[in-house]
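The numbering used here applies: residue 8 is where the sequence shown begins, and numbers increase by one.
Even glycine gets a Cβ: it sits at the ideal position worked out from N, Cα and C.
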Amino acid sequence: HGGHDTEQCGPAYPSQFLRERHCPLPLDDEAGPEPNSWSPWTHRPYCASSSYCVFTNSKFHGSSDLGVSFISTPEVAASSLDVLEKSFSAPLAVTSDANATISPSYRIVDMPGKGKGVVARQRIERGSVFMVDYASIIAAVEFPEKMPGFQSHMLLDKAVEQLPDPQRVLSLARSSAADRAVMEDVMRTNAFSITLDDRPWMGLFPGISRINHACKPNAHTRFSQKLLTMSAVSIRDIEPGEEITISYAEFGTMYGQRQHSLLHNWGFRCTCALCTAPSAELIPSDRRRGRIGDIRQQIVELVQSKQFDRAVAMSKEMIDLVLKEELVAHLGEHYEVLTRLYYALRDATNTKKYARLAIAELERYGGEEVYGTTIGELSEILLGLAQLEKASSRPG
Ligand SMILES: C[S@@+](CC[C@H](N)C(=O)[O-])C[C@H]1O[C@@H](n2cnc3c(N)ncnc32)[C@H](O)[C@@H]1O
8 HGGHDTEQCG PAYPSQFLRE RHCPLPLDDE AGPEPNSWSP WTHRPYCASS
58 SYCVFTNSKF HGSSDLGVSF ISTPEVAASS LDVLEKSFSA PLAVTSDANA
108 TISPSYRIVD MPGKGKGVVA RQRIERGSVF MVDYASIIAA VEFPEKMPGF
158 QSHMLLDKAV EQLPDPQRVL SLARSSAADR AVMEDVMRTN AFSITLDDRP
208 WMGLFPGISR INHACKPNAH TRFSQKLLTM SAVSIRDIEP GEEITISYAE
258 FGTMYGQRQH SLLHNWGFRC TCALCTAPSA ELIPSDRRRG RIGDIRQQIV
308 ELVQSKQFDR AVAMSKEMID LVLKEELVAH LGEHYEVLTR LYYALRDATN
358 TKKYARLAIA ELERYGGEEV YGTTIGELSE ILLGLAQLEK ASSRPG
């Protein structure tokens with residue numbers, strides 16, 4: 008059967024090692040010569056001798072511009088097929104940016120010292136989803152370690168080649184100083200960590216990945232499993248001409264740590280507004296970010312030892328610091344913590360106050376898919392309190 012033919016199931020590589028390849032493809036077993044039988048894939052699955060294959064759907068959402076290639080084992084691809092097929096046929100995602108109905112609110116331009124970058128063309132209001140970008144490549148996190156380098160490069164090259172517009176991916180930034188294979192470097196420089204069907208993956212989103220890093224960013228990104236999109240949401244109002252930025256660094260890290268991790272992991276020396284600010288600004292910022300890190304740890308301990316009053320004080324200090332540092336993408340989660348603490352203390356007034364704030368923030372930055380469960384729980388707390396009030400105000 009064709010699935011075991013060298014030509015069809017991998018490149019004809021003249022090594023003994025690769026000739027022993029087998030294509031254990033649950034998907035390919037029944038594959039006939041006509042592409043329909045590979046559904047939902049538009050190409051014959053392509054496998055390396057290691058058990059990883061490339062699965063491509065180059066007519067994602069019925070659009071001839073959108074395509075996505077997966078690199079995974081056939082077993083994982085088969086077991087995730089339900090989730091994937093749903094996302095392939097989901098309606099096209101839309102932005103919530105009111106001004107962007109006619110043309111995008113941003114453009115991609117050259118940014119001196121940073122390669123390309125994204126700049127606002129018009130005002131983007133806080134909380135708008137101004138960019139929605141479909142995945143081009145989704146690869147199992149562990150795949151490069153499971154095979155010799157030349158094989159992982161072959162899989163990546165095939166994954167790109169089968170996309171409707173390979174150049175869109177091949178032209179992305181490459182930060183490596185070492186002489187790495189093109190696609191490996193593209194992935195290292197641009198891929199996001201994502202979770203899909205409870206597994207960790209690397210996801211490449213060619214539009215979103217043009218957004219540069221800043222330590223005090225004006226946007227953040229969120230991934231949708233349902234649509235296989237990465238969206239950018241503004242975390243404050245962005246003025247026309249302003250560069251749009253997200254943070255690549257861990258939440259609340261200090262100058263030295265950030266510089267180190269950005270240089271080490273991304274290969275650049277950060278020259279964002281905060282990193283180049285005068286020490287009168289940088290030092291207090293560092294002090295606040297250091298404190299954010301400490302509080303994060305301490306709150307956990309206080310809650311475990313049921314010291315809720317002290318946890319409330321710390322949690323409030325945290326919110327104050329987060330607002331001062333403008334690290335507000337996760338503000339809703341901090342309000343949620345405070346809500347639960349007040350609830351544990353049976354303080355109905357503050358529980359209600361912070362539950363409402365939490366819900367508003369969670370909806371603004373994460374939406375239903377990310378925070379649906381939490382929003383549901385907070386709404387139930389509010390409902391429970393309302394019923395209690397009603398019962399206690401009833402005469403008799
Ligand atoms: C995901 S890409 C961002 C888009 C990229 N500038 C481009 O031209 O496509 C990451 C790369 O952009 C550059 N970059 C991003 N943020 C930067 C910053 N704050 N300072 C300097 N370079 C930055 C670095 O070269 C980094 O490896």
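Between Ala226 and Glu396, the alpha-carbon positions lie close to 40 angstroms from each other. For ligand 1, a non-hydrogen atom lies closer than 7 angstroms to the CB of Lys121.
Beta-bridge analysis with DSSP links Glu149 to no other residue. Of the candidates Glu387, Glu368, Val319, Val319 places its Cα closest to the Cα of Asn357. Asn225 carries a coil assignment under DSSP once its states are collapsed to helix, strand and coil.
Taking the Cβ atoms as the reference, Ile131 lies roughly 19 angstroms from Lys123, outside the contact range of under 8 angstroms. In the assembly as shown, Ala393 is an exposed residue. Its beta-carbon has fewer than 16 other beta-carbons within 10 Å. The C-beta separation of Pro207 from Val148 comes to about 5 angstroms, placing the pair in contact by the 8 angstroms criterion. Judged by beta-carbon spacing, Arg128 lies within the 8 angstroms limit of Pro247, meaning their Cβ atoms are closer than that value.
A distance criterion of 7 angstroms places the beta-carbon of Arg347 beyond contact range of ligand 1, judged by its closest non-hydrogen atom.
Distances from the alpha-carbon of Asp140 to those of Leu211, Asp89, Leu88, Ala188 put Leu211 closest.
For Phe275, the CB falls within less than 7 angstroms of some heavy atom of ligand 1.
Residues Leu203 of the same chain have their beta carbon placed closer than 6 angstroms to that of Gln232, with the five preceding and five following residues left out of the count.
Ile215 and Glu384 have their alpha carbons spaced roughly 32 angstroms apart. Scanning Ser159, Ser135, Val90 for the CA closest to the CA of Tyr372 turns up Ser135. Residue range 113 to 118 is occupied by the beta strand (DSSP E) that includes Asp117, with no alpha helix (DSSP H) assigned at that position.
Membership of Leu334 in any alpha helix (DSSP H) is not indicated, and neither H nor E is assigned to it by DSSP. The beta carbon of Ala198 sits closer than 7 angstroms to the beta carbons of Met209, Gly210, Leu211 from its chain, once the five residues preceding and following it are set aside; these are given in chain order.
Relative to ligand 1, even the nearest heavy atom lies 7 angstroms or more away from the CB of Thr236.
Residue burial is scored here from C-beta neighbours: Val307 has fewer than 16 other C-beta atoms within 10 angstroms and is therefore classed as exposed. Closer than 7 angstroms to some heavy atom of ligand 1: that describes the Cβ of Cys279.
Between Gly259 and Arg294, the CB-CB gap reaches or exceeds 8 angstroms. In the structure shown, the three-state DSSP call for Ser65 is coil. Straight across, the Cα-Cα distance linking Phe275 with Tyr255 is about 12 angstroms. For ligand 1, a non-hydrogen atom lies closer than 7 angstroms to the CB of His220.
In the displayed model, Trp208 falls within a strand according to three-state DSSP. Closest option to Asn64, judged by alpha-carbon separation, among Leu170, Leu390, Leu348, Ile388: Leu170.
In the DSSP assignment, Asp72 falls outside any beta strand (DSSP E) and carries neither an H nor an E. In the DSSP assignment, Ser400 falls within the alpha helix (DSSP H) that extends over 374 to 400. According to the DSSP assignment, Ile242 belongs to no beta strand (DSSP E), since it is labelled neither H nor E.
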